[in-house]
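The structure appears below as structure tokens.
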Amino acid sequence: MPGTVWGLGVGPGDPELITVKALRLMQAAPVVAYPAPLGGESFARGIVRQWLDRGQQEIVIEVPMETAPEPAQAAYDRAADRIAAELEAGRDVAVLCQGDPFFYGSFMYLFGRLAARFKVEIVPGVSSLTASAAALQAPLAARNDVLAVLPGPLPEEELARRLEDVDAAAIIKLGRHFAKVRRVLDRLGLLDKAHYVERATLGNQRLRPLAEVEPVEVPYFSMILVHKRGEAWR
Numbered sequence: 075m076p077g078t079v080w081g082l083g084v085g086p087g088d089p090e091l092i093t094v095k096a097l098r099l100m101q102a103a104p105v106v107a108y109p110a111p112l113g114g115e116s117f118a119r120g121i122v123r124q125w126l127d128r129g130q131q132e133i134v135i136e137v138p139m140e141t142a143p144e145p146a147q148a149a150y151d152r153a154a155d156r157i158a159a160e161l162e163a164g165r166d167v168a169v170l171c172q173g174d175p176f177f178y179g180s181f182m183y184l185f186g187r188l189a190a191r192f193k194v195e196i197v198p199g200v201s202s203l204t205a206s207a208a209a210l211q212a213p214l215a216a217r218n219d220v221l222a223v224l225p226g227p228l229p230e231e232e233l234a235r236r237l238e239d240v241d242a243a244a245i246i247k248l249g250r251h252f253a254k255v256r257r258v259l260d261r262l263g264l265l266d267k268a269h270y271v272e273r274a275t276l277g278n279q280r281l282r283p284l285a286e287v288e289p290v291e292v293p294y295f296s297m298i299l300v301h302k303r304g305e306a307w308r
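Just so it is clear: in the sequence shown, position 26 is 100 by my numbering, and no numbers are missing.
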């Protein structure tokens, strides 16, 4: 009988935020797979490393950190083939995914390649969105609010248009796009209602009013939360 793929959300970084279910399934699986940058360490594995010393086989999914999609797609093709070989041999594979597997999660690309042939189960995880809201003590939305999740790489005018149509937003994937995002929020009169968080739940977490953040300081793992009322409960 073929094995099962377990897509496990391991949370945003704090090891204590992994769910009991995800931890149990990860420890029980004979094979654990996780993404990592080429030549670098896996953030997802780092979250759970204290629980991985069980003689499990590990599959490193090396994904090029490039804007062009083709190299990453080829990497997921190779990883799916390796995981499929384990499944066909009857071994379950736990695939670790930072945050939640289906919220901008890398696991979805493996799901698309494996779900038609093998049994796949998803265990949700704490996402960076909810972790950032908790860290900032800034509720995301209330009542009939419309909340948008907007990637920072969107063109400037599209960001502005989408922000005009919602009550609240989380703007992700900042990094080199931060100055553009800040410029849009300032133009819309939302700068004083926006807050910034980087590396949510980690020891080097940083929280700031958006107006105090300099563009040169902003890493990829950062987020802006903005609500047009200032606070969702108003």
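Cβ coordinates follow ideal geometry from the N, Cα and C atoms, glycine included.
In this structure, the beta-carbon distance from His269 to Leu284 falls below 8 Å.
Inclusion of Tyr108 and Val134 in the CB contact set at 8 Å is warranted, their separation being smaller than that value. With a 10 Å radius around the Cβ and a threshold of 16 neighbouring Cβ atoms, Lys267 comes out buried.
For Glu230, there is no enclosing beta strand (DSSP E); the residue is found in the alpha helix (DSSP H) stretching over 230-238. Per DSSP, Met182 is one residue of the alpha helix (DSSP H) stretching across 181-188. Secondary structure at Gln130: coil, using DSSP grouped into helix, strand and coil. In the DSSP assignment, Ser296 falls within the unbroken beta strand (DSSP E) covering 296-301. Val223: member of the beta strand (DSSP E) spanning 221-225, first to last residue. Residues of the same chain with a CB within less than 8 Å of the CB of Gln147, apart from the 5 flanking positions on each side, are Tyr183 in chain order. Proximity of the stretch 162-171 to the stretch 78-85 meets the contact definition, three or more beta-carbon pairs being nearer than 8 Å. For Ala234, the closest C-alpha among the options Ala244, Leu262, Leu299, Gln130 is that of Leu262. In this structure, Pro198 lies near Gly83, with their beta-carbon atoms less than 8 Å apart. Each of Ser180, Ala208, Leu210 was checked against the Cα of Ile196, and the nearest Cα belongs to Ser180. Beta-bridge partners assigned by DSSP to Pro109: Ile135. A direct Cα-to-Cα measurement between Glu144 and Glu136 gives close to 14 Å. By the CB criterion at 8 Å, Ala215 and Leu221 fall inside the cutoff. Using a Cβ distance threshold of 8 Å, Lys247 and Pro227 count as a contacting pair.
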